[in-house]
Amino acid sequence: MTRRNGDRDDQEIVVLSLKEKRSMLLNVGPQHPAMHGIVHITVELEGETVTSADVEIGYLHRAFEKMCEQGPYNNAIPYTDRLNYVSPLINNIGYCLAVEKLLGVKAPERAQYIRVIMSEISRVTDHLTCIGASAMELGAFTVFLYMIKAREYLYEILEEVTGARLTISYARVGGLKSDLPEGFEEKCRKALKETYKILKEVEALLNKNRIFVDRLKDIGVISQQDALAYGVTGPFLRSTGVDYDVRKAQPYLVYDRLDFDIPIGEHGDNLDRYYVRMEEMHQSIRITEQALRDLPKGEISAGDFGRVLTAAEMVDQAKMGQTGDFKTVEVDLDPTLEGTTKRYHDDVYSDDKRVSLPAKEDTYGNIEGLMNHFKLVMHGHGLRPPKGEAYFPVEGANGELGFYVVSDGSDRPYRVRVRPPCFAIMSALHKMVVGEMVADIVPTFGSVNMIGGELDR
Amino acid sequence: MNLAEKIKQKYSSMVLEATAIAGGDPTIVAKKETIKNLMTALRDDVDFQFNVLMDLFGVDYLFWEEKEKRFEVVYNIYSISKKHRLFVKVPVKETDAALDSVTDVWPAANWFEREVWDMFGIRFNGHPNLKRILMYEEFKGHPLRKDYPYNKRQPLIGPMH
Numbered sequence: 001m002t003r004r005n006g007d008r009d010d011q012e013i014v015v016l017s018l019k020e021k022r023s024m025l026l027n028v029g030p031q032h033p034a035m036h037g038i039v040h041i042t043v044e045l046e047g048e049t050v051t052s053a054d055v056e057i058g059y060l061h062r063a064f065e066k067m068c069e070q071g072p073y074n075n076a077i078p079y080t081d082r083l084n085y086v087s088p089l090i091n092n093i094g095y096c097l098a099v100e101k102l103l104g105v106k107a108p109e110r111a112q113y114i115r116v117i118m119s120e121i122s123r124v125t126d127h128l129t130c131i132g133a134s135a136m137e138l139g140a141f142t143v144f145l146y147m148i149k150a151r152e153y154l155y156e157i158l159e160e161v162t163g164a165r166l167t168i169s170y171a172r173v174g175g176l177k178s179d180l181p182e183g184f185e186e187k188c189r190k191a192l193k194e195t196y197k198i199l200k201e202v203e204a205l206l207n208k209n210r211i212f213v214d215r216l217k218d219i220g221v222i223s224q225q226d227a228l229a230y231g232v233t234g235p236f237l238r239s240t241g242v243d244y245d246v247r248k249a250q251p252y253l254v255y256d257r258l259d260f261d262i263p264i265g266e267h268g269d270n271l272d273r274y275y276v277r278m279e280e281m282h283q284s285i286r287i288t289e290q291a292l293r294d295l296p297k298g299e300i301s302a303g304d305f306g307r308v309l310t311a312a313e314m315v316d317q318a319k320m321g322q323t324g325d326f327k328t329v330e331v332d333l334d335p336t337l338e339g340t341t342k343r344y345h346d347d348v349y350s351d352d353k354r355v356s357l358p359a360k361e362d363t364y365g366n367i368e369g370l371m372n373h374f375k376l377v378m379h380g381h382g383l384r385p386p387k388g389e390a391y392f393p394v395e396g397a398n399g400e401l402g403f404y405v406v407s408d409g410s411d412r413p414y415r416v417r418v419r420p421p422c423f424a425i426m427s428a429l430h431k432m433v434v435g436e437m438v439a440d441i442v443p444t445f446g447s448v449n450m451i452g453g454e455l456d457r
Numbered sequence: 001m002n003l004a005e006k007i008k009q010k011y012s013s014m015v016l017e018a019t020a021i022a023g024g025d026p027t028i029v030a031k032k033e034t035i036k037n038l039m040t041a042l043r044d045d046v047d048f049q050f051n052v053l054m055d056l057f058g059v060d061y062l063f064w065e066e067k068e069k070r071f072e073v074v075y076n077i078y079s080i081s082k083k084h085r086l087f088v089k090v091p092v093k094e095t096d097a098a099l100d101s102v103t104d105v106w107p108a109a110n111w112f113e114r115e116v117w118d119m120f121g122i123r124f125n126g127h128p129n130l131k132r133i134l135m136y137e138e139f140k141g142h143p144l145r146k147d148y149p150y151n152k153r154q155p156l157i158g159p160m161h
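Residue numbers (this note's numbering), protein chains in the order written: chain A, 1 to 457; chain B, 1 to 161.
Structure, rendered in structure tokens:
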């Protein structure tokens, strides 16, 4: 073969590549179908093996903590919906519990049971999404569709109770926005039964599925020491064999009255995390069923109501002093105020006048109620916890979710700090992907169940 | 004697005050200079065994008259085996907003400290990679400081190349 001037010597290149180590820098994300939300992982590859990884976050930062400081206490509740948007009820409830701790008030018992039911349903929806999405990324598309179907049953329940699927804003400081709708218990039991069936189906599809198990087993391993050192909590920590669960360690609401187990794994790999999450869903269904059984009956919601008046008629009659039968009058409200009438309100909202808005019958029908209402909504008045701070941890779907609220005695929180559970897990992600194949980043990252809203706040 | 008092008694040279936040959660106020030693001791002490750093964050007390120092860095530590939780508050002066990093004690502090630096501008000496985490590098100022207006706009930055 004749060689022209300037041609490179093929032989020489081969020798070179054998001598020096060649690594490749690969950007995974920020926009990538497997990076749920937006996150940027820069990995260094040698062949197909990851030699180093750098995780970059912050793409979804919306100044949650700063915005909470700008308005009254209850204004922060819609912001908390948008933290972990797969299980927003847990955030709602966590924030309210922290402010309640600061104020020293307690929600009525019925509200506490409803909060437990709602938290557990949210936990199931969160785990369903997590497992469904990571199974889909490994090619198990059927599982994804099944799990989203199950999630849909539960979302319908949540929608019926809260009025929304995602931006629910259901909890209030001192209670809940409204009581459960009629026929809830039956519908909830039915939805749980359907979910249970689907979980069984999914277990049959995945648990002994060679492809699925081989892709997860011994992948993304984190040791117990590392998990603790990195502040990892939730199913992630439990997969390494630590039985830390806020519901057991520091019981809140009525968890200490309910009977449930904490599933733990032993290897701390992706497969164990899958098993822990699956079993947790079963436990959540168990908790919900017990809470439904023990749910105290509301007194007012079962009571007799006489006339139904529109809001305007009620205000007019009250002005003229025709308040004779107002104790049994029910007000007909605009749908946006649904749930604020006596029937749906008093059983689930604290009767502490410092924190809870009165039922609309009282606001329209008597001066005390009207004054109470205005004292709580006027600028510069409102809910005023004493000076100080409070921390309340709840068990979020990803781990310990805590709110640290500082009050300066005014009607606005001075500082709201949220302890996001997946922040700690993400800070340990590089530990789990280094040394694995590049294709293993996807299932490992999937098992973190990163939720951008909560990670970046 | 509660947990905070016990710790104050044992480590009196490093702890300024034993107190509690709402609900009676034990809290100590610690000296800034010896914070790393105190944290190492609390982690390794068999009586306390604080093996998890749950959270680390800052609070800006700019408008509080009773606070001498502007910032407070709060450590939320938990012991899995003993099932107790402690809040450690460290007052930090505005003019000398720096304290020792506890990254060597708990690696979890790495990102949490970066966030405190990002949001409050408090430096952590000995941190391996102290750069912004939630905001972008070109961002000016520290957004969670009380004198940073919440509606302040900053110029858009283009792609780097």
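Just so you know, even glycine gets a beta-carbon here, dropped at the ideal spot from N, CA and C.
| query | result |
| --- | --- |
| Rounded to the nearest angstrom, what separates B:Leu114 and B:Ile133 at their Cα positions? | It should be pointed out that residue 114 of chain B corresponds to Arg in this sequence rather than to Leu. Distance between the alpha carbons of B:Arg114 and B:Ile133: 6 Å. |
| With 7 Å as the threshold, decide whether the Cβ of A:Tyr463 is near any Cβ in chain B. | Any property of residue 463 of chain A remains undetermined from this structure, which presents chain A solely from 1 to 457. |
| Do you know offhand how far A:Val433's Cα is from A:Asp411's? | 46 Å |
| Can you pull the chain B neighbours of A:Tyr244, defined as C-beta to C-beta under 7 Å? | Ile80 |
| By the 7 Å beta-carbon criterion, what residues does the region 11–22 of chain B contribute toward chain A? | Ile21, Ala22 |
| For B:Pro159, which of helix, strand or coil comes out of DSSP? | coil |
| In three-state terms, what does DSSP make of B:Arg145? | coil |
| Cutting at 6 Å between CB atoms, please list the residues of its own chain near A:Lys177, excluding the five before and the five after it. | Tyr170, Gly339 |
| With 7 Å as the C-beta to C-beta threshold (strictly closer), list the residues of the region 374–392 of chain A near chain B in chain order. | Gly388, Glu389, Ala390, Tyr391 |
| At what residues does the beta strand (DSSP E) containing B:Pro91 begin and finish? | 84–92 |
| I need the boundaries of the alpha helix (DSSP H) containing B:Asn76, first residue and last residue. | Segment 71–79 is the beta strand (DSSP E) holding B:Asn76; no alpha helix (DSSP H) there. |
| Below 8 Å between beta carbons is the criterion; list the residues of the region 57–69 of chain B that meet it against any residue of chain A, in chain order. | Phe57, Val59, Asp60, Phe63, Trp64 |
| For A:His381, does the three-state DSSP call read helix, strand or coil? | coil |
| Whose C-alpha, out of A:Val161, A:Asp218, A:Pro235, A:Ile219, is nearest the C-alpha of A:Glu395? | A:Pro235 |
| Kindly say whether B:Val52, judged by its beta-carbon, lies nearer than 7 Å to any beta-carbon of chain A. | yes |
| To the nearest angstrom, how far is it from the Cα of B:Pro155 to the Cα of B:His142? | 15 Å |
| Any contact between the region 360–378 of chain A and the region 21–39 of chain B? By contact I mean 3 or more CB pairs, one from each, below 8 Å. | no |
| Check whether the region 200–207 of chain A touches the region 217–234 of chain A, counting contact only when three or more Cβ pairs, one atom from each stretch, lie closer than 8 Å. | no |
| Are the C-beta atoms of B:Pro149 and some chain A residue less than 7 Å apart? | no |
| Using a Cβ-Cβ cut-off of less than 8 Å, list which residues of the region 52–70 of chain A approach chain B; keep chain order. | Ile57, Gly58, His61, Ala63, Glu65, Lys66, Met67, Glu69, Gln70 |
| Using a beta-carbon distance below 7 Å, is B:Val92 in contact with chain A? | no |
| Nearest to A:Ile41 by CA position, among A:Gly453, A:Arg457, A:Glu454, A:Thr444, is which residue? | A:Thr444 |
| Name the chain A residues that come within less than 7 Å of B:Pro107, Cβ to Cβ? | Ala229, Tyr230 |
| When the Cα of A:Ile121 is compared with those of A:Val86, A:Arg110, A:Val99, A:Phe141, which residue comes out closest? | A:Val86 |
| Do the region 126–136 of chain A and the region 287–296 of chain A meet, that is, are 3 or more Cβ pairs less than 8 Å apart? | no |
| Between B:Asp100 and chain A, is any beta-carbon pair separated by less than 7 Å? | no |
| Please list the terminal residues of the continuous alpha helix (DSSP H) segment that includes A:Asn270. | 270–294 |
| Whose C-alpha, out of A:Asp408, A:Gly268, A:Arg238, A:Tyr252, is nearest the C-alpha of A:Ile262? | A:Arg238 |
| Here's the rule: buried if 16 or more other CB atoms are within 10 angstroms of the residue's CB, otherwise exposed. What is A:Met437? | exposed |
| Closer than 8 Å by beta-carbon distance: list the chain B residues that pair up with A:Leu102, in chain order. | Ala22 |
| Under the three-state reduction of DSSP, which class applies to A:Ile425: helix, strand or coil? | helix |
| Do B:Leu53 and B:Ile77 come within 7 Å of each other at the CB atom, strictly closer than that value? | yes |
| Are the C-beta of B:Leu134 and some C-beta of chain A separated by less than 7 Å? | yes |
| Taking 7 Å as the limit between beta carbons, can you name the residues of its chain near A:Thr2, skipping five residues before and five after? | The predicted position of A:Thr2 is uncertain, since its pLDDT is 46 and thus under 50; no value can be drawn from it. |
| What are the boundary residues of the alpha helix (DSSP H) that includes A:Leu455? | 452–456 |
| In this structure, how does DSSP classify A:Asp261 when only helix, strand and coil are distinguished? | coil |
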